[in-house]
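Enquirer: If you're matching them up, the sequences are chains A and B in order. Using our numbering, you'd call the opening residue of the first sequence number 1 and step up by one each time. Using our numbering, you'd call the opening residue of the second sequence number 1001 and step up by one each time. Glycine included, each C-beta is placed from N, C-alpha and C at the ideal position.
Number of protein chains: 2
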Amino acid sequence: MSILTVGTMAFDSIETPYGKVDKVIGGACTYISWAASYWHKDISLVSIIGDDFPQDEVEQLKARGVNMEGLVRVPNKKSFYWSGKYHKDMNGRDTLVTDLNVLADFNPILPQSYRKCKYVMLGNLTPDIQLSVLNQMEERPKLVVLDTMNFWMDIALERLMEVIAKVDVLTINDEEARQLSGEHSLVKAAAKIHSFGPKFLIIKKGEHGALLFHEGKIFFAPGLPISDVIDPTGAGDSFAGGMIGYLARTNDTSFNNMKTAIIYGSVMASFCVEDFSLSRLRHLDEKMIHARIRQFESLGLFDVVELNLA
Amino acid sequence: MSILTVGTMAFDSIETPYGKVDKVIGGACTYISWAASYWHKDISLVSIIGDDFPQDEVEQLKARGVNMEGLVRVPNKKSFYWSGKYHKDMNGRDTLVTDLNVLADFNPILPQSYRKCKYVMLGNLTPDIQLSVLNQMEERPKLVVLDTMNFWMDIALERLMEVIAKVDVLTINDEEARQLSGEHSLVKAAAKIHSFGPKFLIIKKGEHGALLFHEGKIFFAPGLPISDVIDPTGAGDSFAGGMIGYLARTNDTSFNNMKTAIIYGSVMASFCVEDFSLSRLRHLDEKMIHARIRQFESLGLFDVVELNLA
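1) DSSP three-state label for LYS88(A), please.
2) Could you tell me whether the Cβ of MET1090(B) comes closer than 8 Å to any Cβ of chain A?
3) Give the interface partners of THR1260(B) over in chain A, defined as CB-CB distance under 7 Å, in chain order.
4) At least one CB of chain B closer than 8 Å to the CB of ASN251(A): is that the case?
5) Is there at least one Cβ from chain A nearer than 8 Å to VAL1187(B)'s Cβ?
6) Less than 8 Å between the CB atoms is what I'm expecting for ILE1003(B) and MET1121(B), so what's the real figure, rounded?
7) When we look at the beta-carbon of VAL1097(B) and count the other beta-carbons within 10 Å, is it buried (16 or more) or exposed?
8) Could you tell me whether any Cβ in chain B is nearer than 8 Å to the Cβ of ASP154(A)?
9) Output the distance between the C-alpha atoms of ASP147(A) and PRO127(A), rounded to the nearest integer angstrom.
10) My parser needs the beta strand (DSSP E) runs of 3 or more residues fully inside the segment 24-107 of chain A; what are they?
11) Terminal residues of the continuous beta strand (DSSP E) containing PHE1219(B)?
12) For HIS1184(B), return the contacting residues in chain A, with the cut-off set at a CB-CB distance below 9 Å.
13) Give the single residue among GLN130(A), PRO222(A), LEU201(A), ILE218(A) whose Cα lies nearest to the Cα of ALA1210(B).
14) Establish whether the CB of GLY1026(B) and some CB of chain A are separated by less than 8 Å.
15) In the DSSP assignment, what are the bridge partners of LYS1020(B)?
16) One question on the structure: do MET1(A) and LYS118(A) come within less than 8 Å of each other, judged by their Cβ atoms?
17) Name the one or two DSSP bridge partners that VAL1120(B) has.
18) For LEU1212(B), which of helix, strand or coil comes out of DSSP?
19) Return the residue from the list PRO1054(B), GLY1019(B), SER1033(B) that minimises the CA-CA distance to VAL1046(B).
20) Since LEU1299(B) is in the alpha helix (DSSP H), which residue starts that stretch and which ends it?
21) Does GLY1050(B) have its Cβ less than 8 Å from a Cβ in chain A?
22) Check the Cβ-Cβ distances between LYS205(A) and every residue of chain B, and say whether any is below 8 Å.
23) Under a three-way DSSP split, which group does ILE1262(B) fall into?
24) Below 8 Å on C-beta distance, what does TRP39(A) contact in chain B?
25) So which residues on chain B does GLU176(A) lean against when the C-beta distance must stay under 8 Å?
26) Would you say TYR119(A) lies against chain B (beta-carbon separation less than 8 Å)?
27) Considering just the uninterrupted stretch of the alpha helix (DSSP H) at VAL1163(B), what are its terminal residues?
28) In terms of residue numbering, what span does the beta strand (DSSP E) encompassing LYS1205(B) cover?
29) Find the residues of chain A that neighbour ILE1218(B), judging by a C-beta separation of less than 7 Å, and give them in chain order.
30) For the segment 1067-1075 of chain B against the segment 1039-1059 of chain B, do three or more pairs of beta-carbon atoms, one drawn from each stretch, fall closer than 8 Å, so that the two count as touching?
31) Since I believe MET258(A) is in contact with SER238(A) (beta carbons under 8 Å), could you give me their beta-carbon distance rounded to a whole number of angstroms?
32) Once the 5 residues before and after GLY1092(B) are set aside, which same chain residues still bring their CB inside 7 Å of it?
33) Measure from the C-beta of LEU122(A) to each C-beta in chain B and report whether the shortest distance is under 8 Å.
34) Determine the closest residue to GLY1007(B) out of VAL1066(B), ILE1129(B), ASP1042(B), with distance taken between C-alpha atoms.
35) Could you have a look at ASN1308(B) and say whether DSSP puts it in helix, strand or coil?
36) Using a cut-off of 8 Å between C-beta atoms, extract the partners of PRO222(A) located in chain B.
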């Protein structure tokens, strides 16, 4: 089933305790498309770049089955640029520079062929753009996944709530779930967020894994402990890409299949963090990925023993 | 198999976003003994109290199979007292008062009948006391579990390292594992901590669950999302108690059985936080506990699907 994905394609400059890279390829849409393309070849991309973005990167994605009809390249302008420095513990980061550049004028018009896509992945962007994309769909997609962040809750909550009301799956982190719902308990936060619209809530907790809430049921995907987390940038987008790629491929949006989709997302995220930029995501093969799925499985398996009380 | 447990019995005054309690029963040894006593009736307790500690509490534990020969009651002195206030998000807390009282002179002499216990649970205390208890054992116990905290790493690291070298299982939280090892990656932290002595490292992550490291293998126990976390005090000790109770009952210290033991610990911790003090731990039955073990199981189960690459 066809996937529509919208989000940034960008340059990142990143410093982590493991090193520093300058103007490497980044952006939500880039990570989502790379991760999804392992499972799916019918991906319609919507994004905007300046004339500084390497055409070779565009061609590589094309070669992986990504339709670029919805990619706008603006002449004489620069691509979106983000620079950040991670704290020593990697769990926090400071943004040093955000240059919107082409993103400031991003007002995507969906190509006709995109408007019947069944799976829609709205990468983290202003709610206005996310809403505009949804409004251009000719039919209600089978599944809409929304990624967002606290920044939009702070400055555009009303608009964000409009988008949230229209999606099936919301992916945010635990602090954002608490902020959005006003509830500290994630169980209560989930109930409240379901009432805003999304039938599925995915809470991404980084190294601690991810939680899926749906109709009173909960799934806890473990976080795979990684020897060397080099750079967490793009992990959330790789997660989203792996998940939507798997869902579109299997075309099954049941709770049960959503659980496996989250493992696919977690697997792609676990690879992503092992190097800067897309370096690790570019060179995966089936054997590596299946081995890691098995690692996720064995990580959480235990013998259920029901002792009688003493 | 007999359990020896050493730790505080105390009064706590606690404030959380859900309420405030004054001078309720607390202390590591109290929580450990209550949690363990569901699975095991041969528990030898070592602790110290003042004449203010209710004899009824002592009798209740006796009735649950806890041997009180190693409990010292000091006349004309007060029991250990701790007072704390949890932050709004419950993940942090400020200590308001620590009155050592009787604890300042605690120098436990093990009754003869205690000295051949096979399972030893060293609750969080000064490393000197933990070491003294271990040195009084007549035979090397089958399994020694050590709980400690960053406070002892800060002020008594050398002595703590002596204890750590003598134990089989160390339970600490993720920040403490990082502090103790000097490694950010928990995989590397575990390898380093194994080299200090303990064959098993358990990293307690509160609402995010727990990790078990052993000989290059990893188990991730999920954290059960709880609707109303009323008071996290004692959760780590309830975890330790549930775990050691299960281990002593089954008398099996394999990695596989240790995984189930961690689920037993997690189950007892999940009950503990649902009310202040020991209120919830006092009134559990087999049906409730087994149901919760099943909840932990279903929380992490997913269908393993190995798709071919697109």
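Expert: Concretely, from the data shown:
1) coil
2) Output row for MET1090(B): interface = yes.
3) PHE302, ASP303, VAL305
4) no
5) yes
6) 7 Å
7) Around the beta carbon of VAL1097(B), fewer than 16 other beta carbons lie within 10 angstroms, which makes this residue exposed.
8) It does not: the Cβ of ASP154(A) has no partner Cβ on chain B nearer than 8 Å.
9) Rounded to whole angstroms, ASP147(A) and PRO127(A) show a C-alpha spacing of 10 Å.
10) 43-50, 66-74, 80-86, 93-99
11) 1217-1221
12) PRO17, LYS88, ASP89, MET90, VAL229
13) Looking at the Cα atoms, PRO222(A) is the closest of the given residues.
14) False, the Cβ-Cβ gap to chain A never drops below 8 Å.
15) GLU1015(B)
16) yes
17) DSSP, once it has assigned bridges, lists LEU1004(B), VAL1144(B) as partnering VAL1120(B).
18) strand
19) SER1033(B)
20) 1286-1300
21) no
22) yes
23) helix
24) LEU1307, LEU1309, ALA1310
25) Going along chain B, no residue has its Cβ under 8 Å from GLU176(A), so there is no contact; the nearest lies around 13 Å.
26) no
27) 1157-1164
28) Per DSSP, LYS1205(B) belongs to no beta strand (DSSP E) and is neither H nor E.
29) PRO225, LEU299
30) As far as the Cβ criterion goes, the segment 1067-1075 of chain B touches the segment 1039-1059 of chain B, which means the pair count is three or higher.
31) SER238(A) to MET258(A), Cβ: 17 Å. No contact.
32) Same-chain partners within the cutoff: there are none.
33) no
34) ILE1129(B)
35) Residue state, collapsed to three classes: coil.
36) GLY1209, PHE1220, PRO1222, GLY1300
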